[in-house]
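Just so you know, the sequences run in chain order A and B. Letter by letter, the first sequence follows residues 417 to 771 of my numbering. Letter by letter, the second sequence follows residues 417 to 771 of my numbering. A virtual CB, placed ideally from N, CA and C, is assigned to each residue, including glycine. A short worksheet on the structure shown next.
Number of protein chains: 2
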Amino acid sequence: MKKFKKYYLSSVIALICTTSLAMQLAHAQKDKTVRFKMQSGYALSLPILGEVSSNLPKHIEALTNKSVRIQYFEPRGLVPNEGIYDAVATGAVDIGYAGLGFFVQKNPALAYFDAVPFGMDSNGLIAWFNQGEGGKLRDEVLAKNNIKGISCGFNAAEAGGWFNKEINSTADLKGLKMRIAGLGGRTYEKLGVSTQSMAGGDIYAALERGVIDAAEYSMPALDQNMGLYEIAKYYYFPGWHQPASIQTLLINKTKWDSLSESQQGAFYAACNQALITSIAVGESIQGEALDFIRSKNVNFRVFTPETLKELNSAWLEVSAELAKDNVEFKKIADSYNIFQKSYGEWRNLSSGKLD
Amino acid sequence: MKKFKKYYLSSVIALICTTSLAMQLAHAQKDKTVRFKMQSGYALSLPILGEVSSNLPKHIEALTNKSVRIQYFEPRGLVPNEGIYDAVATGAVDIGYAGLGFFVQKNPALAYFDAVPFGMDSNGLIAWFNQGEGGKLRDEVLAKNNIKGISCGFNAAEAGGWFNKEINSTADLKGLKMRIAGLGGRTYEKLGVSTQSMAGGDIYAALERGVIDAAEYSMPALDQNMGLYEIAKYYYFPGWHQPASIQTLLINKTKWDSLSESQQGAFYAACNQALITSIAVGESIQGEALDFIRSKNVNFRVFTPETLKELNSAWLEVSAELAKDNVEFKKIADSYNIFQKSYGEWRNLSSGKLD
């Protein structure tokens, strides 16, 4: 057997990171008390991320022996949710919790730090952020707005959405009116879908009255609460427009820099726990939801390989357009795509698929 | 939208768990100092788990403000690796780090707490241990031997192994001599493969001289160091015999019970970090290894769906045989299988596969 030379570097990096986190936590009790206001983008009642984000304050407080005190606010408790990014940047809100994809209107590049169409699964994202360039690139982008970001949870993959007819090819998509926003929506538009965004609570009525023909909302465990199984016959997979999405704890950077290393370490430890808990909850509640939805005589369908291939091509067009006028987008997209290509081959082979 | 009533219970559970971990860590500095000896089953030089396990002592020490001191030993530093389980049970070694599959000779049921053929991926395992019955069942089994276990890392999926000819059906397996041990080996035997275990360092010579026709060792990043690409033409996927395997920190339970809640919490926090780091490293180093192996003119192959189906049936036979004489094995296998069935449908759909 040959030597493992190439791994020495990553060993050293892992050692530095771990030691640093550990040292940070060792002196918690000497720190002066700081008080933070935190707004979550997810309501307490929401499965997975509502639980995870609302637990962060008490976890961080205890890890810092209460030298960090966090007053928790529900969505819109301090600012509109889409204002969290700017509010954290100025310090009007000290801490926000959201997927960075909430803020793509500000900077479409932020989507890569959350979820993009045909993007990576949770393992791939963990790898890109921790061992690839993801963490470094996110730091760079957020620091320009005086924000520190920490990976702090996952939303499970979304479903592909509810349709009132079968989609056997992209020809069947043409002319369809669909509730879907963001980069997934822009991708559908390339194939002749007429997309629109609307509040979750308005979907049922719009679909029932034929204002729309299709809608995506979220993952099965959330979708089941929308009642769409009463008015849409087909539930499609995969949710190619939003695979596993990673959530970020956003902290005003001036305030972050004022924390001791020990206090900062507590944020990392709490977020590690959030990552594990959100995976555990997110992956365990979908099966029962699928059983429930099936019991309502909904037909489960998967998009054909050809349809997915054409949707993927459409997404690459959208991505290329965005990269043309945005150097930052291009830089991040390139890093993500290179990492995903290498990871993707491994992902496929280890699932028994040759490219 | 309807209410999320059914999630209140899991919210409460998550709250209790998180609060408990947090409270535990809050009073680290009042604890009396305890000294532990730890033996890892993975050498420091080994990618992923060598790094992860060797970092645990300093991480736990710092998290407990050095009230827990851990002297770290490499594999065989105190006892033979296969003796770690018994040594932790008696307290001859305070802490061990291993996959519980190391110890299937003692109790084949332990395989389910590590990896079994056609078992779950890392997300499924996290979910079963944290939200399903996995953690509770492991606690029960280990407690009988006075051991406390904590999920503390992942090994990435293995490859299917090296073959000197193409395997187009299970007929091609018949009569093959293969280096593979454990439950995967027993499964192959059902289909006429003659299996044998041998030390990793002996595989090259055995394959070169025709003593064996095939061999599995590990994942691509480890396999590439074995040089088998020089003497085997085909590298097969998936590693159905060992998907993602979860690693366990084994602690003598008498000593574990003597720790304060704060000290115990530090073990959990360090192991959460180990889970994240091992996923990040494990998923990011395989792509380059695949490139390297391909550059040596090795042919990548995937087992045919029919071959996998027959191997899966053979595994179910093996599993049923083991369950027949072992109530504990049956109980754990049933829990695992029920969870995997529900998770598996979600896993398939979210990857775009209808069952």
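Check                                                                                                                                                                                              : Outcome
From the DSSP output, in three-state form, read off residue 487/A for me.                                                                                                                          : strand
Could you name the residues of chain A that residue 692/B contacts, counting a contact when the two beta carbons are closer than 9 Å?                                                              : 542, 546, 567, 688, 691, 692
For a contact defined as C-beta to C-beta under 8 Å, what are the partners of residue 730/A on chain B?                                                                                            : Those within 8 Å of residue 730/A in chain B number zero; the least Cβ separation is about 17 Å.
Rounded to whole angstroms, how far is the Cβ of residue 637/B from the Cβ of residue 578/B, which I believe are closer than 8 Å?                                                                  : Not confirmed; about 15 Å, so no contact.
Identify the residues that DSSP records as bridge partners of residue 718/A: which are they?                                                                                                       : 653/A
Look up residue 693/B in the DSSP assignment and say whether it is helix, strand or coil.                                                                                                          : helix
Cβ of residue 627/A within 8 Å of any heavy atom in the ligand SAH?                                                                                                                                : Only the bare structure without any ligand can be found here, which leaves the ligand SAH out of the picture.
Does the beta-carbon distance from residue 696/A to residue 683/B come in below 9 Å?                                                                                                               : no
Show which residues of chain B have a CB atom less than 7 Å away from the CB atom of residue 573/A.                                                                                                : 766
What separation, rounded to the nearest whole angstrom, lies between the Cα atoms of residue 397/A and residue 475/B?                                                                              : This structure cannot speak to residue 397/A, because chain A is shown only from 417 to 771.
Give every residue of the same chain whose Cβ lies closer than 7 Å to the Cβ of residue 460/A, excluding the five residues on either side of it in the sequence, and list them in chain order.     : 466, 470, 490
Output, in chain order, the set of chain A residues within a Cβ distance shorter than 9 Å of residue 758/B.                                                                                        : 700, 702, 703, 704, 706, 707
Out of 732/B, 714/B, 711/B, 605/B, which one is the CA nearest neighbour of residue 752/B?                                                                                                         : 732/B
Tell me whether residue 481/A is buried or exposed, calling it buried when 16 or more other Cβ atoms sit within 10 Å of its Cβ.                                                                    : buried
For residue 671/A versus residue 452/A, is the C-beta distance shorter than 9 Å?                                                                                                                   : yes
How about residue 801/B and residue 537/B: do their beta carbons lie closer than 9 Å?                                                                                                              : This structure leaves residue 801/B out entirely; chain B is present only between 417 and 771.
Which residues in the same chain as residue 746/B place their Cβ atom closer than 6 Å to its Cβ, once the five residues preceding and following it in sequence are excluded?                       : 739
Assess, as a yes-or-no matter, whether the segment 492 to 512 of chain B is touched by the segment 653 to 660 of chain B under the definition of 3 or more beta carbon pairs within less than 8 Å. : no
Could you tell me whether the Cβ atoms of residue 700/B and residue 755/A are closer together than 9 Å?                                                                                            : yes
Which residues in chain C have a C-beta closer than 7 Å to the C-beta of residue 552/B? List them in chain order.                                                                                  : Looking at the structure shown, chain C is missing, and the protein chains on hand are A and B.
So which residues of chain B does residue 770/A contact, with C-beta pairs closer than 9 Å?                                                                                                        : 653, 716, 717, 718
Using the Cβ count rule (16 or more neighbours within 10 Å means buried), how would you classify residue 750/A?                                                                                    : exposed
CA-CA distance, residue 648/A and residue 723/A?                                                                                                                                                   : 20 Å
Measure the C-alpha to C-alpha separation of residue 479/A and residue 510/B and round it to an integer number of angstroms.                                                                       : 26 Å
Examine chain B for any beta-carbon lying closer than 9 Å to the beta-carbon of residue 695/A, and answer yes or no.                                                                               : yes
Can you tell me whether residue 444/A is buried or exposed, with buried defined as 16 or more other CB within 10 angstroms of its CB?                                                              : In this predicted model, residue 444/A has a pLDDT of only 46, less than 50, meaning its place in the structure is not dependable enough to derive any value.
If we require 4 or more residues per run, which alpha helix (DSSP H) segments fall completely within the segment 521 to 577 of chain A?                                                            : 538 to 546, 550 to 559
Contact check, residue 665/A vs residue 501/A under 8 Å by CB: the rounded distance?                                                                                                               : 13 Å between Cβ atoms; not a contact.
The beta strand (DSSP E) that contains residue 668/A, what's its start and end?                                                                                                                    : 661 to 668
With which residues is residue 453/B paired in a DSSP beta bridge?                                                                                                                                 : 487/B
With a threshold of 9 Å between beta carbons, is residue 762/B in contact with chain A?                                                                                                            : yes
What does residue 622/B reach in chain A if we use C-beta pairs closer than 8 Å?                                                                                                                   : None at all; the shortest Cβ gap to chain A is about 14 Å.
Can you give me the C-alpha to C-alpha distance between residue 593/A and residue 627/A, rounded to a whole angstrom?                                                                              : 8 Å
Check whether the Cβ atoms of residue 640/A and residue 709/A sit closer than 9 Å, and answer yes or no.                                                                                           : yes
With distances taken from CA atoms, which of 567/B, 561/B, 493/B is nearest residue 528/B?                                                                                                         : 567/B
Give the residues of chain B in contact with residue 685/A, contact being defined as C-beta atoms less than 7 Å apart.                                                                             : 685
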